[in-house]
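Once you know that position 64 of the sequence shown is 448 in my numbering, the rest is easy, because the numbers rise by one and skip nothing. Yeah, the Cβ is synthetic: ideal placement off N, Cα and C, and Gly gets one too.
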Amino acid sequence: MRMLKRASALILRKGTYQSTWSKKDNLFRVHPSVSQALAENKPVVALESTIITHGMPYPHNLSTAKEVEAIVQAEGATPATVGVIEGKVHIGLSSEELDQLAQSKRPLKVSRRDLPYVISKALTGGTTVSATMIAAHHAGIPVFVTGGIGGVHRDGEKSLDVSADLTELGRTPIAVVSAGVKSILDIGRTLEFLETQGVCVATYGPNLNFPAFFSSQSGFTSPYQVDNPEEAATLITSALSLGLQSAVLLAVPIPEEHAATGRQIEDAVRAALTEARAKGITGKDVTPFILQKVNELTEGKSLQANIALIHNNARVGSRIACALSKQMT
Ligand code: PSU
Ligand code: MN
Numbered sequence: 385m386r387m388l389k390r391a392s393a394l395i396l397r398k399g400t401y402q403s404t405w406s407k408k409d410n411l412f413r414v415h416p417s418v419s420q421a422l423a424e425n426k427p428v429v430a431l432e433s434t435i436i437t438h439g440m441p442y443p444h445n446l447s448t449a450k451e452v453e454a455i456v457q458a459e460g461a462t463p464a465t466v467g468v469i470e471g472k473v474h475i476g477l478s479s480e481e482l483d484q485l486a487q488s489k490r491p492l493k494v495s496r497r498d499l500p501y502v503i504s505k506a507l508t509g510g511t512t513v514s515a516t517m518i519a520a521h522h523a524g525i526p527v528f529v530t531g532g533i534g535g536v537h538r539d540g541e542k543s544l545d546v547s548a549d550l551t552e553l554g555r556t557p558i559a560v561v562s563a564g565v566k567s568i569l570d571i572g573r574t575l576e577f578l579e580t581q582g583v584c585v586a587t588y589g590p591n592l593n594f595p596a597f598f599s600s601q602s603g604f605t606s607p608y609q610v611d612n613p614e615e616a617a618t619l620i621t622s623a624l625s626l627g628l629q630s631a632v633l634l635a636v637p638i639p640e641e642h643a644a645t646g647r648q649i650e651d652a653v654r655a656a657l658t659e660a661r662a663k664g665i666t667g668k669d670v671t672p673f674i675l676q677k678v679n680e681l682t683e684g685k686s687l688q689a690n691i692a693l694i695h696n697n698a699r700v701g702s703r704i705a706c707a708l709s710k711q712m713t
């Protein structure tokens, strides 16, 4: 009741509603290293945490998260890993908080729709691309690095299982750096949906091949490509200057030496998809199930490739963030 009264009082003060609410309740916690970097117009790279809570087994999740942060730092940017801890949306995690997330027993997978609930119950969870975009944008971080984004699932035209990442990309103006879309998804329909959502998609590299996470080629093409961090940064500043409110998606192909195992992984993906269907696994449980299964079937090769491409994305994303901060000052 008290909450309701307060919320309606806030709604009456239209416009300031959102910012007043979040300031008052301090729902967002920006780490001092991140707020300092932002205040000094230094490059910051946002990172997601579903990859930590649901994407990789312990302890690989923790070591990868730390390695990724170290890569961002080595490239001259400040890492801001986003996660929900006891009902607060943290933008930038301490080493202890990373440990806590990586080892939490039953963490939630938090996308846009889950945020109100996890906050109301003071729960802990990893943020997906959609929730991380919300947090990064709230803090004023224009570049966000992830492994792969969600997409339209196979048969999504019937099940309507379309990741909230795609609609978030249509409504939140930041740049997302990823290795494309996993082949467990319907990549053609995902690209169509991104076009409908007004997302500017570009491959990072010499050609238009749209990458499929474990493999540098999905058989589909991006509408655009950029050759280097400066070109990517110019694309981002153009999007931001236009005030479009939609995202730029930069698709970074997995480095060739790691794409070699792609074929074997693709076969495992197909087998895992069949098993998921047979076991009746649906909704938000599909991706974690497939990832774990594929890792088993490839005897850890998919995990190694996954780690390698995330490292690469962090390197590329940090260079883009550095180029962007130069262009913006
Ligand atoms: N793809 C991966 N690893 C992941 C994810 C996607 O290769 O960990 C996570 C990301 O956090 C992404 C989320 O935002 O899964 C999408 O989930 P869903 O399909 O339920 O929207
Ligand atoms: Mn889904």
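Alpha carbon of residue i to alpha carbon of residue j, nearest angstrom
| i | j | result |
| --- | --- | --- |
| V610 | A616 | 6 Å |
| L759 | P557 | The structure shown does not extend to residue 759, since the chain spans only 385 to 713, so no value can be given for it. |
| S625 | L681 | 46 Å |
| I649 | T666 | 21 Å |
| V473 | S488 | 16 Å |
| K677 | P595 | 21 Å |
| I571 | S504 | 35 Å |
| S392 | G684 | Because S392 carries a pLDDT of 44, less than 50, the predicted location of this residue cannot be relied on, and the following value inherits that uncertainty. Computed Cα separation, rounded: 52 Å. |
| L692 | I638 | Leu is not the amino acid found at residue 692; the sequence shown has Ala there. In a straight line, the C-alpha of A692 is about 8 Å away from that of I638. |
| R699 | F412 | 27 Å |
| L544 | T713 | 43 Å |
| I525 | A464 | 9 Å |
| I694 | V452 | 7 Å |
| G467 | A652 | 30 Å |
| V428 | Q420 | 10 Å |
| V513 | I533 | 7 Å |
| G535 | V418 | 29 Å |
| I620 | K663 | 42 Å |
| L578 | A623 | 15 Å |
| P590 | A635 | 12 Å |
| N679 | E641 | 19 Å |
| E481 | V456 | 18 Å |
| L657 | L569 | 10 Å |
| L485 | G564 | 25 Å |
Residue i CB to nearest heavy atom of the ligand MN below 7 Å
| i | result |
| --- | --- |
| G667 | yes |
| S478 | no |
| D545 | yes |
Outcome for residue i when other beta-carbon atoms lying within 10 angstroms are tallied against a minimum of 16
| i | result |
| --- | --- |
| G542 | According to the sequence provided, residue 542 is Lys. The question's Gly does not apply to it. That one is exposed. |
| S406 | Confidence at S406 is low in this model, with a pLDDT of 49, below 50, so the placement of that residue should be treated as unreliable; the coordinate-derived value is given next. Its Cβ having fewer than 16 others within 10 Å, S406 is exposed. |
| G603 | exposed |
| N445 | buried |
| K408 | Unreliable positioning characterises K408 in this predicted model, as indicated by a pLDDT of 47, which lies under 50. The coordinate reading is nonetheless provided below. The residue is exposed, with fewer than 16 neighbouring Cβ atoms inside 10 Å. |
| R496 | buried |
| R703 | buried |
| G460 | exposed |
| P441 | exposed |
| P491 | buried |
| Q711 | exposed |
| A655 | exposed |
| Y588 | buried |
| N696 | buried |
| G627 | exposed |
| D539 | exposed |
Bridge partner(s) assigned by DSSP for residue i
| i | result |
| --- | --- |
| Q609 | T587 |
| V456 | Paired residues: none, contrary to the question. |
| N593 | T605 |
| V560 | F528, L633 |
| G467 | H474, G510 |
| R413 | H474 |
| S599 | A596 |
| L569 | H537 |
| V428 | T462 |
Cβ-heavy atom distance, residue i to the ligand PSU, below 7 Å
| i | result |
| --- | --- |
| V513 | yes |
| H438 | yes |
| K566 | yes |
| I533 | yes |
| L578 | no |
| S709 | no |
| T434 | yes |
| S495 | yes |
| L681 | no |
| L431 | no |
| F597 | yes |
| L485 | no |
| L633 | no |
| A548 | yes |
| L687 | no |
Length-filtered (4 minimum) alpha helix (DSSP H) runs lying within the stretch 530–556 = Annotation note: the stretch 530–556 contains the following uninterrupted alpha helix (DSSP H) runs of length 4 or greater, listed N- to C-terminal: 540–543, 548–555.
Which full runs of the beta strand (DSSP E) of 3+ residues lie inside the stretch 492–525, going along the chain?
-> Within the stretch 492–525, the complete beta strand (DSSP E) segments at least 3 residues long are 492–494, 509–511, listed from N- to C-terminus.
Entirely enclosed alpha helix (DSSP H) segments - the stretch 622–694, minimum 4 residues | Listed in chain order, the complete alpha helix (DSSP H) runs (minimum 4 residues) inside the stretch 622–694 are 640–643, 646–662, 670–681.
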